[in-house]
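Student: Protein chains in written order, with the working numbering: chain D, 1 to 121; chain V, 1001 to 1121; chain U, 2001 to 2121; chain X, 3001 to 3121.
Below are the structure tokens for one structure; questions will follow.
Take a look at the structure:
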């Protein structure tokens, strides 16, 4: 799967919505709700697992988790579309900010320091 | 911003984490928590707005929302990386499923039908 | 249903967990995940509804929503128990803070002001 | 703090909203969003902690978590009020269902079984 397919899936997600005339339900408010519902379905897979177990999912479980990942990505693409924002440009901006906020030399490997920070990636 | 930059930001997100030695905190369980926290920060922007208002954000608000979008995308990339899943391939699979589940001719523009469905995109 | 039954349901929730030996899974971390998953199931009921529609649920829908409310309350009770916190005392403290933060005379009915506040009740 | 104070805090939460004329923003849709945002603030406290660490919070952290618990309880009370539902009655119904769904003798202490269940308390 070539990564330059991101442009293609954006178009496909858009086409899917247009073909079903679902734009009328896709206000940014509603899409933010749909997105967090999908994020919660991901959390649900991990809620009773230890951290170690969450690293070693069975193939069946992994296949389910893959579809949840997809749902989140799909709503994220739809939300960016409605807000006329570019996801790649947004990440570029955020990575610049994060690099200033968390200089590698200061925060490296320190869980104490890490835990004090509110926004990380 | 060319869309084939998606591959580039995936590498940058990865590099950011490695340089800070933060992999130790990035179990799938923890990343799913971080992702939903960011999704909630997006929801927070929209919680008291009407649907109409959510479509017409001020430039200042839009700039904040852009960074929340980025945070979600960044954690989604990190989560896919840890699970060794490809986001584009996952979306491809999900779109095929969704097309079978919601045939355009049957569900078009019907909010009643739409509301009964559990998973949409 | 008398409201002083709150003490009774706290005991019943506790008993339910003990009888099933589920305490071992109920770390505050895991319970916070379970709680947000239930909160998302509530959000899911409302995600494609207009605000008006969300005020006029059918009896069937309302019965489902009632059980989601219960799930959130149950996990909230369990989480408070594990952290040895008293929910009523916590609300008392928070209401005092909120009254200082949002003086009624200053914030009354103003959606503009309201939208600028981060924490409200 | 006597537990029959639950009735009192319900009234106080209601009075707080009325005094500020905030009912106009409190559609069930919006309140479900506010509730999940508060639930996420709770999750944020625990996202990088191990399960063990989440059981041993510092007094400072515990004081913060207490206020998040309160926020969730406050929105849950407001949501129940708007839907004209009784939280205690809802929990009573749900506990009866859960007892049928997860008979103590069948599910006791089994993490495998536990993980397969979707709705637990």
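Note that CB positions come from ideal geometry on N, CA and C, so glycine has one too.
Could you please give the first and the last residue of the uninterrupted alpha helix (DSSP H) stretch that includes residue 1100 (chain V)?
Tutor: 1087 to 1101
Student: Under 9 Å, Cβ to Cβ, is there at least one residue of chain X near residue 2024 (chain U)?
Tutor: Yes, its Cβ sits closer than 9 Å to a Cβ of chain X.
Student: Give me the Cα-Cα distance between residue 3032 (chain X) and residue 63 (chain D), rounded to the nearest whole angstrom.
Tutor: Their backbone Cα atoms lie some 30 Å apart in a straight line.
Student: Cβ atoms of residue 91 (chain D) and residue 1073 (chain V): under 9 Å apart, would you say?
Tutor: Here residue 1073 (chain V) is near residue 91 (chain D), since their CB atoms are less than 9 Å apart.
Student: Name the chain U residues whose beta carbon is nearer than 7 Å to that of residue 1036 (chain V)?
Tutor: 2036
Student: Measuring CB to CB, does residue 1036 (chain V) end up less than 9 Å from residue 40 (chain D)?
Tutor: yes
Student: Is the CB-CB distance between residue 1070 (chain V) and residue 94 (chain D) below 9 Å?
Tutor: yes
Student: CB-CB under 7 Å to residue 3038 (chain X), same chain, minus the five flanking residues each way: which ones, in chain order?
Tutor: 3068, 3071, 3072 and 3075
Student: Name, going along the chain, the residues of the segment 2042 to 2068 of chain U whose beta-carbon falls closer than 8 Å to a beta-carbon of chain D.
Tutor: 2043, 2044, 2046, 2047 and 2048
Student: For chain X, find out if any of its Cβ atoms is closer than 9 Å to the Cβ of residue 1030 (chain V); answer yes or no.
Tutor: yes
Student: Among residues of its own chain, excluding the 5 on either side of residue 1013 (chain V), which ones have a beta-carbon nearer than 7 Å to its beta-carbon?
Tutor: For residue 1013 (chain V), where only same-chain residues beyond five positions count, the Cβ hits under 7 Å are 1074, 1077 and 1078.
Student: Does any residue of chain V bring its CB to less than 9 Å from the CB of residue 12 (chain D)?
Tutor: Cβ-Cβ to chain V under 9 Å: yes for residue 12 (chain D).
Student: Just checking my contact of residue 54 (chain D) with residue 46 (chain D) at CB under 8 Å: how many whole Å lie between their CB atoms?
Tutor: For a cut-off of 8 Å, the C-beta gap from residue 54 (chain D) to residue 46 (chain D) is around 5 Å, short enough to register as a contact.
Student: So is residue 1040 (chain V) in contact with chain X if we call contact Cβ pairs under 9 Å?
Tutor: yes
Student: From D:7, D:10 and D:18, pick the residue whose C-alpha is nearest to that of residue 1102 (chain V); which is it?
Tutor: Among D:7, D:10 and D:18, the Cα nearest to that of residue 1102 (chain V) belongs to D:18.
Student: So which of U:2022, U:2029 and U:2023 has the shortest CA-CA distance to residue 3056 (chain X)?
Tutor: U:2029
Student: Quick one: list the residues of chain X neighbouring residue 2093 (chain U), beta-carbon separation under 8 Å, in chain order.
Tutor: 3066, 3067 and 3070
Student: Considering only their Cβ atoms, is the gap separating residue 3088 (chain X) from residue 2009 (chain U) smaller than 9 Å?
Tutor: yes
Student: Which residues in the same chain have their Cβ closer than 6 Å to the Cβ of residue 1048 (chain V), if we skip the five residues on either side of it in sequence?
Tutor: There are no such residues.
Student: Hey, residue 2006 (chain U) and residue 3006 (chain X): beta-carbon distance below 9 Å or not?
Tutor: yes
Student: Give the straight-line distance between the Cα atoms of residue 106 (chain D) and residue 3060 (chain X), rounded to the nearest whole angstrom.
Tutor: Here the alpha carbons of residue 3060 (chain X) and residue 106 (chain D) stand approximately 24 Å from one another.
Student: Would you check if the distance between the CB atom of residue 20 (chain D) and the CB atom of residue 1108 (chain V) is smaller than 9 Å?
Tutor: yes
Student: Going by CA-CA distance only, name the one from U:2099, U:2050 and U:2066 that's closest to residue 3084 (chain X).
Tutor: U:2066
Student: Going straight from the alpha carbon of residue 2011 (chain U) to that of residue 1100 (chain V), what length do you get?
Tutor: 47 Å
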